[in-house]
């Protein structure tokens, strides 16, 4: 995809206005739901609860509105709905829902971005949530750039408090939806965002754990 090789996490960046608005709507709904348990049992049965996975808000890149048909809607999806534990399954879920079947077997046709970084499709969804999205929220709480981040962080804190945990710091349920932006590779020119290819716990492509002895041998 021509992006850089950086595997580190980016500093908090300003989210697009439309994405922030969608996050606000989703978070407000979750706050109301947490404040009134049992009032939305139909959504629980329909797989929109965070109890069995992390919540994903799937957002089309604003620059590609005319090129990608349809939308994924404004309601967060549970990661258990996408058909597997990896970011590749998220990509394939999007492609199938938008009738872009030709990209299901193509790992290079669509990119997924979280917190300003391109995410390797072989990484586990839950690990990306914990090690990319949560730190991004925490950075916003600590004074990340842009009013969008500040408002998002305040809503995240409210949602976490309503659920009895601290979503940004990692305690409590993963209540705050992870914003995943999808776009067609190369359509906006050469990608300039950093690429997250591995995570700090040793998770490699394919979601497997690296062998510590093998890692030591490479040093």
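Numbering (the working numbering), first residue to last: 902 to 1120.
Yeah, the Cβ is synthetic: ideal placement off N, Cα and C, and Gly gets one too.
Please read these numbers as outputs of a predicted model, since none were measured by experiment.
Euclidean distance between Cα positions of residue i and residue j
i	j	result
residue 1014	residue 1040	17 Å
residue 999	residue 1016	23 Å
residue 965	residue 1087	11 Å
residue 960	residue 993	14 Å
residue 981	residue 1098	22 Å
residue 1027	residue 954	8 Å
residue 957	residue 990	12 Å
residue 1035	residue 1080	11 Å
residue 1093	residue 963	16 Å
residue 975	residue 1091	28 Å
residue 1037	residue 973	23 Å
residue 1083	residue 1096	14 Å
Pair within 8 Å by beta-carbon distance, residue i and residue j
i	j	result
residue 988	residue 1085	no
residue 1019	residue 1029	no
residue 1078	residue 1025	no
residue 1032	residue 1076	no
residue 983	residue 996	no
residue 1022	residue 1007	no
For residue i, the first and last residue of its enclosing beta strand (DSSP E)
i	result
residue 1085	1079-1085
Nearest candidate by alpha-carbon position, reference residue i, set the options
i	options	result
residue 1003	1092, 969 and 959	969
residue 967	1089, 1094 and 1095	1089
residue 1001	1093, 1096, 971 and 1082	971
Would you list, in sequence order, the uninterrupted beta strand (DSSP E) runs of no fewer than 3 residues that lie entirely inside the stretch 948-1032?
956-961, 1011-1015 and 1018-1020
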